[in-house]
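Asks: Quick note on full-length UniProt numbering: the sequence shown kicks off at 197 and runs consecutively.
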Amino acid sequence: EGAVEQGRDFTGETVLVTAGGTREAIDPVRFIGNRSSGRMGYAVAVAARRRGAKVVLISAPTGLPCPAGVEMEHVVTVEDMRAAVMARLNETTVVVMAAAVSDYRAKSVADQKMKREGAQAVSLELAGTVDILREVVGRRRDGTLVVGFAAETENAVANGRAKLERKGVDAVVVNDVSKDGIGFDSEQNAGSFLTKDGAVEFPVMSKTEMAERILDEVLKLRVGAAH
Ligand code: CTP
Ligand code: CA
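1. Measuring straight from C-alpha to C-alpha, what distance separates Ala283 and Phe380?
2. Which residue's Cα is closest to the Cα of Ala295: Glu397, Arg418, Phe206 and Val368?
3. Go ahead and label Val200 buried or exposed: buried means 16 or more other beta carbons lie within 10 angstroms of its beta carbon, across all protein chains shown.
4. DSSP three-state label for Met236, please.
5. Would you grab the beta carbon distance between Ala249 and Thr210 for me? Rounded to a whole angstrom, and I think it's under 8 Å.
6. Which of helix, strand or coil does DSSP assign to Glu405?
7. Whose C-beta lies closer than 6 Å to the C-beta of Gly356 among residues of the same chain, with five residues either side of it excluded?
8. In whole angstroms, what is the alpha-carbon distance linking Val305 and Gly259?
9. Run through DSSP, which three-state label would Val368 get?
10. When every heavy atom of ligand 2 is checked, does at least one fall within less than 8 Å of the C-beta of Val242?
11. Taking only runs of the alpha helix (DSSP H) that begin and end inside the region 216-296, which ones reach a length of at least 4 residues, in chain order?
12. Tell me the residue span of the alpha helix (DSSP H) that contains Gly356.
13. Within 9 Å (strictly less), CB to CB, does Arg418 reach chain C?
14. Determine whether the beta carbon atoms of Val291 and Leu212 lie at a separation below 9 Å.
15. Run through DSSP, which three-state label would residue 429 get?
16. Ligand 2 and residue 424: does any heavy atom of the ligand fall closer than 8 Å to the residue's C-beta?
17. How would you call Ala215, buried or exposed, if buried means at least 16 neighbouring beta carbons within 10 angstroms?
18. Shortest alpha-carbon distance to Ala302 belongs to which of Pro224, Gly377, Thr340 and Ile328?
19. In angstroms, rounded to a whole number, what distance separates the CA positions of Asp205 and Arg278?
20. What residue from Ser402, Asp372, Phe398 and Asp366 has the CA that sits closest to Glu383's CA?
21. Taking the alpha carbon of Ala395 as the point to measure from, which residue in Gly314, Met268 and Leu360 has its own alpha carbon closest?
22. Cα separation between Ala280 and Asn286?
23. Considering only C-alpha positions, which residue in the set Met236, Glu269, Glu220 and Leu320 is nearest to Gly229?
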């Protein structure tokens, strides 16, 4: 059962995907961001659509074109993303949180552009952001499956498993982002799909292929669960 022969096995599902890296302003021209390309989330959106799902893609800035047949919402900050996700949660049956969401924002945003003059060393005070995924888990309807991602630079599987438990999600896709050529800002990915019952290893493959594999595992979670 290869990815291409699977047909429209997501018919009847509404899949909400978050993608890209959120941005938090420092001043009118600067922001705190991250290296997420958005490719993994977009690949999941495209695959879910092809497999018959209704797809809502909530995307931080990426530069990627809007996939055909997908309902797209553009967001920038964590708060924007949170609001967009919460507004669509009731109609969603599968949530895939592939976005790289900022953990910190500037405690205060400068009204005017910060100037070079006199700035030998500047320290920026940061505050934490809300954990959208946790809020999703707390507010989802019965039967809505929630898949988180975990980008790790060390102890990928152990950290991913800790996230699975801490966040109460149905599954975590763990990526080791410490290696060049896979994960962040790359066409390829590798990692594992963790659930409370075990782990499925994903060897190095394209993000397009991994998206299909993730959806295959999501469907397995559906089996036996009331829907
Ligand atoms: N996430 C989120 N809201 C945040 C931070 C993360 O919804 N403010 C989501 C991400 O989209 C991802 C999952 O939580 O699906 C895990 O993100 P990750 O950064 O790996 O985990 P954190 O809980 O932020 O922990 P840390 O960065 O400290 O490892
Ligand atoms: Ca984080």
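For every residue, glycine included, the Cβ atom is placed at its ideal position computed from N, Cα and C. Everything numeric in this text was worked out from a predicted model, so none of it was measured.
Replies: Checking against the coordinates, here is how it stands:
1. In the sequence shown, the residue the question calls residue 283 occupies position 87. In the sequence shown, the residue the question calls residue 380 occupies position 184. Taking the straight line from one Cα to the other gives about 28 Å.
2. In the sequence shown, the residue the question calls residue 295 occupies position 99. Checking every option, the nearest Cα to that of Ala295 belongs to Val368.
3. Along the sequence shown, read from residue 1 onward, the residue named residue 200 stands at position 4. Its pLDDT being 49, under 50, Val200 is placed unreliably by the model, and the measurement read from it follows with that caveat. Within 10 angstroms of the beta-carbon of Val200 lie fewer than 16 other beta-carbons, which makes it exposed.
4. Indexing the sequence shown from 1 puts residue 236 at position 40. Helix, per DSSP.
5. As a working mapping, residue 249 is identified with position 53 in the sequence shown. As a working mapping, residue 210 is identified with position 14 in the sequence shown. That pair is a contact at about 7 Å.
6. Stepping through the sequence shown from its first residue, residue 405 is reached at position 209. Helix.
7. The sequence position of residue 356 within the sequence shown is 160, counting from 1. Non-local C-beta neighbours of Gly356 in its own chain, meaning closer than 6 Å and more than five positions away in sequence, comprise Ala346, Val368, Val370 and Leu390, ordered along the chain.
8. Mapped onto the sequence shown, residue 305 falls at position 109. Mapped onto the sequence shown, residue 259 falls at position 63. Between Val305 and Gly259, the C-alpha separation is close to 25 Å.
9. As a working mapping, residue 368 is identified with position 172 in the sequence shown. In the structure shown, Val368 falls within a strand segment according to DSSP collapsed to helix, strand and coil.
10. In the sequence shown, residue 242 corresponds to position 46, counting from 1. No, since every heavy atom of ligand 2 falls outside the 8 Å radius drawn around the Cβ of Val242.
11. Unbroken alpha helix (DSSP H) stretches of 4 residues or longer found wholly inside the region 216-296: 235-246 and 274-284, given in chain order.
12. Taking the first residue of the sequence shown as 1, we reach residue 356 at position 160. Ala352 to Lys363 is the extent of the alpha helix (DSSP H) around Gly356.
13. Going by chain labels, chain C is absent from the structure shown, which holds only one protein chain.
14. Position 95 of the sequence shown, counting from 1, holds the residue named residue 291. Position 16 of the sequence shown, counting from 1, holds the residue named residue 212. The Cβ atoms of Val291 and Leu212 sit closer than 9 Å to each other.
15. A question about residue 429 goes unanswered here, because the residues of the chain that appear run from 197 up to 423.
16. Coverage of the chain is limited to positions 197 through 423, which leaves residue 424 absent and any answer about it impossible.
17. Counting from one through the sequence shown, the residue named residue 215 turns up at place 19. So Ala215 ends up on the buried side.
18. Against the sequence shown, residue 302 aligns to sequence position 106. Cα-wise, what sits closest to Ala302 is Pro224.
19. Residue 205 sits at position 9 when you count from the first residue of the sequence shown. Residue 278 sits at position 82 when you count from the first residue of the sequence shown. Distance between the alpha carbons of Asp205 and Arg278: 29 Å.
20. Here residue 383 corresponds to residue number 187 of the sequence shown, with the count starting at 1. Per the Cα distances, Ser402.
21. Here residue 395 corresponds to residue number 199 of the sequence shown, with the count starting at 1. Of Gly314, Met268 and Leu360, the smallest CA-CA separation from Ala395 is found for Leu360.
22. Here residue 280 corresponds to residue number 84 of the sequence shown, with the count starting at 1. Here residue 286 corresponds to residue number 90 of the sequence shown, with the count starting at 1. Cα to Cα, the separation comes out at about 12 Å.
23. Locating residue 229 in the sequence shown gives position 33, counting from the first residue. Comparing Cα positions, the closest option is Glu220.
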